[in-house]
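Please read the structure below before turning to the comments.
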Amino acid sequence: MKKLILSALSMFALTQAFAYNTQTVKDSISTSTTWEPTQQYLLKGWVYVTSGTTLTIKPGCIIRGDKNTKGTLIVERGAKIIAEGTASLPIVFTSAEEQGDRSYGDWGGVVICGQAPTNWTAGEAQVEGGPRSKYGGSDPNDNSGILRYVRIEFAGIAFSPNNEVNGLTLAGVGAGTQIDHVQVSYSGDDAYEWFGGNVNSKYLVSIGTWDDDFDTDAGYAGKNQFIYSLRDYQSADVSGSKAFESDSYLAGTVSGIGDNSKATRAVFSNVTVAGPLNTPAFTGANSQFVAAVHLRRGSAQSLLNSVFLGYPAGLLIDESSSSYGSTTANILDNSLQFRSNIIAGIPTNATPAQKEIIYVKDGARNLTPTNAYADTTTGSPFGSFNGPWNWLKASANNNWIFATENNGVRLFAPFNLSNPNPVPQSTSPISYNAKTLPAYMTPGGSDPFANGKVYPFNPAKAINTDTSGMFVNYNAPQIVPDFTTTKANDAFFDKVNYVGAFAGTQTTSDNWMKGWTNFDPNNTFYDIVSVNVNEAQNNEGNVVLFPNPARQATTLSFDVAETADVRVMMVDMAGRVVKKMYEATNAKGAQTATVDLSDVTPGVYFVSIITGEKQKVVKLSVIK
């Protein structure tokens, strides 16, 4: 199948269209292979990268999954994937369906199997969903390669309960593997699921997931920082959808009774979760949404320095049945930590009224937080905390609760599905300190820091809570992150001065999602791929845009040599169609169209002129 590719010296150079092939990939990749952005790749069925083989994927490459065969890429134990995109040229795994027709579960997803430890009694297991591949081993530092600046869209298939392929499955993957800047969008099951292993990651995004955003199982013990998830309020799974779901034990793993050394011990810090409820009073969300965090089946997962917004419940602590190790025992021995977090926007219109934390006992793992068996008052097994609420609110845990996101947390636009901006506003307690200075600091009504007589905080500087010497060294926001806990004090974690995934310095760099992510993948035009080449070439043919650069409008003129249907589209740097500029049927000869640009944001765009099987591409600069 012939398509076309845009090749450029840089994103701002003149361009020329070239023909390229779509290569169908199926069965096994058993010799080391490089995929180039000069063509696209179509995955059909299970595609295995076998042991001893390295699959290298170059920046800007587009890989599509076939819907009929549920194309899936499986990197087996002993193999490597080197998928290292860039911020301007991310690698994209997406649906093979046409623009506008893509949906949840169009294809399988990306599965990586490693040789790191799990808690399966056999030491290994076969990956969920049907592939032949096994995972698990004894090397916590096993290296399965690199995923960097990668998007995975419309993957994830739930064949049956506990038999699923996720957007990105990490099974027994070791800490030698590098994962950062990955976005999973509109997965038909979980966005990310870890089965054991020790792999670490930073800068993960999950958008519009069907089931859970981040699911951890089988003794996963990795570290993760800077994470954002956002839900489509209409889409949830019958199993109950959450941002985080974590299990340690089930049939086939160790039991955990009397020994929690093989519990799931993942650590997540600096997470921002935006759930389905943009206000606590919103009643239009899918009823299958459960909680922001669900820790169950003996999980010892820790969540630190994070923000959880807009779920029917906040933290759901689910006590295991007597067959497995205890979830709450992990709280008492401090292997499960929930500290320096914000929970906000939780509804109060159902029983129990306070659902920032819910405790469900007696192994009733499938109960929702509003079930009559939900228990928020029992003193056992929370020991001296006299129940889950007192544990959550204990001063040592430094957790904060706000009735609403808008009045309490104050992020810019955390719930906007098409253009999210979860950066804290300048008055957010993440980036500002509203605490009143002590009286000795403000004698006679003085305002020593010219900030309204409140504690000083400059978000561009490190935290210092020393109040001596008339606050000469003090610098802290109202909600102070904590990286002193044993869970987050090692070198992996950046010791930032804010909770949540985004800083609040009010600079453009605060939003690390800018440039490489895509929040409208269904309407993205993926028949243009931008790659770097050594030499720029000018377009052939008579194609004119005048003026260019343009402010409010431009006139497009071009010739059609042979009768053909014509489509002209204006495409942004991420491949999204910004405007349909011109269409004609059975056109021939000179074509002219004046295009209104008054609603187009300033920037550099590409104008794609498609005539039958041919294509030309020109650059258009919009200025205001």
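Just so you know, the sequence shown maps onto residues 18 to 641 in the working numbering. Every residue gets a Cβ at the ideal spot worked out from N, C-alpha and C, and that includes glycine. Values in this document were obtained by computation on a predicted structure and should not be read as measured data.
Name the DSSP bridge partner or partners of residue i?
i	result
serine 223	Val201, Ser246
serine 150	The partner list for serine 150 (beta bridge, DSSP) is empty, contrary to what the question assumes.
leucine 320	Phe285, Phe355
valine 92	Val66, Ile129
aspartate 44	Val64
asparagine 217	Gln195
tryptophan 417	Ile359
phenylalanine 306	Ser258
glutamine 143	Lys151
proline 441	Leu428
tryptophan 137	Thr270
leucine 409	None; leucine 409 has no bridge partner.
lysine 372	None; lysine 372 has no bridge partner.
aspartate 644	No answer is possible for residue 644: the residues shown for the chain start at 18 and end at 641.
Would you kindly work out how many angstroms separate the C-alpha atoms of residue i and residue j, rounded to a whole number?
i	j	result
arginine 94	threonine 571	54 Å
proline 455	aspartate 350	37 Å
serine 316	glycine 184	23 Å
valine 127	isoleucine 169	8 Å
valine 624	asparagine 436	23 Å
lysine 344	serine 265	The sequence shown places threonine at residue 344, not lysine. Spanning the two alpha carbons is a distance of roughly 9 Å.
asparagine 559	alanine 260	52 Å
glycine 517	lysine 504	16 Å
proline 441	serine 448	7 Å
threonine 296	glycine 362	6 Å
proline 134	arginine 584	53 Å
valine 352	phenylalanine 474	It should be noted that the sequence gives serine, not valine, for residue 352. Cα to Cα, serine 352 sits roughly 32 Å from phenylalanine 474.
asparagine 556	proline 538	Residue placement at asparagine 556 is poorly supported in this model, since its pLDDT is 37, which falls under 50; the coordinates still yield a value, given next. Near 28 Å, if we compare the C-alpha coordinates of proline 538 and asparagine 556.
isoleucine 46	alanine 175	25 Å
alanine 302	asparagine 347	33 Å
threonine 70	isoleucine 80	19 Å
glutamine 495	isoleucine 98	43 Å
glycine 173	serine 263	18 Å
glycine 606	aspartate 616	30 Å
lysine 641	asparagine 528	24 Å
threonine 186	tryptophan 211	6 Å
leucine 267	alanine 308	21 Å
arginine 282	asparagine 506	15 Å
tyrosine 515	proline 54	38 Å
alanine 520	phenylalanine 325	16 Å
isoleucine 274	valine 377	19 Å
proline 460	proline 476	27 Å
threonine 48	glycine 82	21 Å
Around the Cβ of residue i, are there at least 16 other Cβ atoms within 10 angstroms (buried) or fewer (exposed)?
i	result
threonine 453	exposed
aspartate 207	buried
proline 566	exposed
phenylalanine 563	exposed
valine 489	exposed
glutamine 40	exposed
glutamate 181	buried
lysine 372	buried
alanine 188	buried
aspartate 159	buried
valine 561	exposed
Considering only residues of the same chain and omitting the five flanking positions on each side of residue i, which have a CB-CB separation below 8 Å?
i	result
threonine 394	With a pLDDT of 49 at threonine 394, under the threshold of 50, the predicted position of this residue should be treated as unreliable, though the coordinate-derived value follows. If we look at threonine 394 and ignore the five residues flanking it on each side, its Cβ neighbours are Gly404, Trp406.
phenylalanine 542	Gln116, Met586, Val588, Gly592, Arg593, Val594, Ser625
Excluding sequence positions up to five away, which residues of its chain have a Cβ less than 6 Å from the Cβ of residue i?
i	result
alanine 389	Since pLDDT at alanine 389 reaches only 43, below the 50 mark, its modelled position is unreliable, and the value read off the structure follows with that caveat. Contacts found: none.
phenylalanine 231	Tyr209, Phe261
serine 246	Ser223, Asp230, Ala260, Val290
lysine 512	Phe500
lysine 279	Asn136, Gly236, Val271
asparagine 438	Phe429, Ala430
glycine 629	Ala581
Quick one: residues in its chain with C-beta nearer than 7 Å to the C-beta of residue i, no 5 flanking neighbours on either side, listed in chain order?
i	result
glutamine 305	Ala253, Asp254, Val255, Gly257, Ser258
tryptophan 63	Thr89, Ile91, Pro148
tyrosine 622	Met587, Val588, Asp589, Val595, Leu637, Val639
glutamine 523	Ser443
isoleucine 137	For clarity, residue 137 is tryptophan in the given sequence; the question names isoleucine instead. Same-chain partners within the cutoff: Gly153, Ala235, Gly269, Thr270.
aspartate 483	Asn490, Tyr491
threonine 695	The structure shown does not extend to residue 695, since the chain is modelled only from 18 through 641, so no value can be given for it.
arginine 427	Pro441, Gln442, Thr444, Ser445
Is there at least one non-hydrogen atom of the ligand FAD closer than 7 Å to the beta-carbon of residue i?
i	result
glycine 214	The ligand FAD is absent from the structure shown, which contains no ligands of any kind.
Quick check: the stretch 146–157 against the stretch 568–588, are there 3 or more CB pairs under 8 Å?
-> They do not touch, by the three-pair rule.
Assess, as a yes-or-no matter, whether the stretch 132–147 is touched by the stretch 103–123 under the definition of 3 or more beta carbon pairs within less than 8 Å.
-> Judged by Cβ distances under 8 Å, the stretch 103–123 makes no contact with the stretch 132–147, as fewer than three pairs qualify.
Taking 8 Å as the threshold, find out whether the stretch 411–424 comes into contact with the stretch 348–366 through three or more Cβ pairs.
-> Output reads yes: the stretch 348–366 touches the stretch 411–424.
The stretch 192–199 touching the stretch 207–226, judged by at least three CB pairs closer than 8 Å | Because the criterion of three Cβ pairs below 8 Å is met, the stretch 192–199 and the stretch 207–226 touch.
Count the C-beta pairs between the stretch 270–286 and the stretch 234–241 that are closer than 8 Å, then say yes if the count reaches three, no if not.
-> Touching, yes.
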